[in-house]
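Shown next, in structure tokens, is the structure this report addresses.
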Amino acid sequence: MYGFRHERIDHGKRFANGKVYINGIEGFWSYAKERLLKFHGVSRENFVYYLKEVEFRYNFRANLDEMLYNVLGGIK
Numbered sequence: 002m003y004g005f006r007h008e009r010i011d012h013g014k015r016f017a018n019g020k021v022y023i024n025g026i027e028g029f030w031s032y033a034k035e036r037l038l039k040f041h042g043v044s045r046e047n048f049v050y051y052l053k054e055v056e057f058r059y060n061f062r063a064n065l066d067e068m069l070y071n072v073l074g075g076i077k
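This is the structure:
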């Protein structure tokens with residue numbers, strides 16, 4: 002569906018590996034698919050750039066407006 006391959010995870014056998022949790026990965030991909038669907042497809046050449054933007058937005062989603070303001074140097 003939508004060009005993404007979905008695989009099943011047996012949470013009973015392997016749920017976490019250190020700080021990497023299956024729910025965190027599934028949460029990120031859910032967020033990424035929702036964001037990327039708005040573009041109605043992206044080219045293979047530019048996919049990594051779209052994915053990096055989604056990664057940035059996901060990692061700073063709690064205070065995204067403040068972070069973007071700081072990254073842009075406080076432009077008014």
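Numbering (our numbering), first residue to last: 2 to 77. From the three backbone atoms N, C-alpha and C, an ideal C-beta is built for every residue, glycine too.
**Report entry** Status (buried if at least 16 other CB within 10 Å, exposed otherwise) for residue 65
**Finding:** In the sequence shown, the residue the question calls residue 65 occupies position 64. Counting Cβ neighbours within 10 Å, residue 65 comes out exposed, since fewer than 16 surround it.
*Drop a sphere of 10 angstroms on the beta-carbon of residue 37, count the other beta-carbons inside from all chains shown, and report buried for 16 or more, exposed for fewer.*
Residue mapping note: residue 37 aligns to position 36 of the sequence shown, counting from 1. With 16 or more other CB atoms across the displayed protein chains lying within 10 angstroms of its CB, residue 37 is buried.
Is it the case that the Cβ atoms of residue 59 and residue 40 are separated by a distance below 9 Å? For the purposes of this step, residue 59 is taken as residue 58 along the sequence shown, with counting starting at 1. For the purposes of this step, residue 40 is taken as residue 39 along the sequence shown, with counting starting at 1. Not a contact, by the Cβ cut-off of 9 Å.
Check: With C-beta atoms as the reference, is residue 55 less than 9 Å away from residue 33?
Finding: Here the question's residue 55 lines up with position 54 in the sequence shown. Here the question's residue 33 lines up with position 32 in the sequence shown. Against a cut-off of 9 Å, the Cβ pair of residue 33 and residue 55 comes out as a contact.
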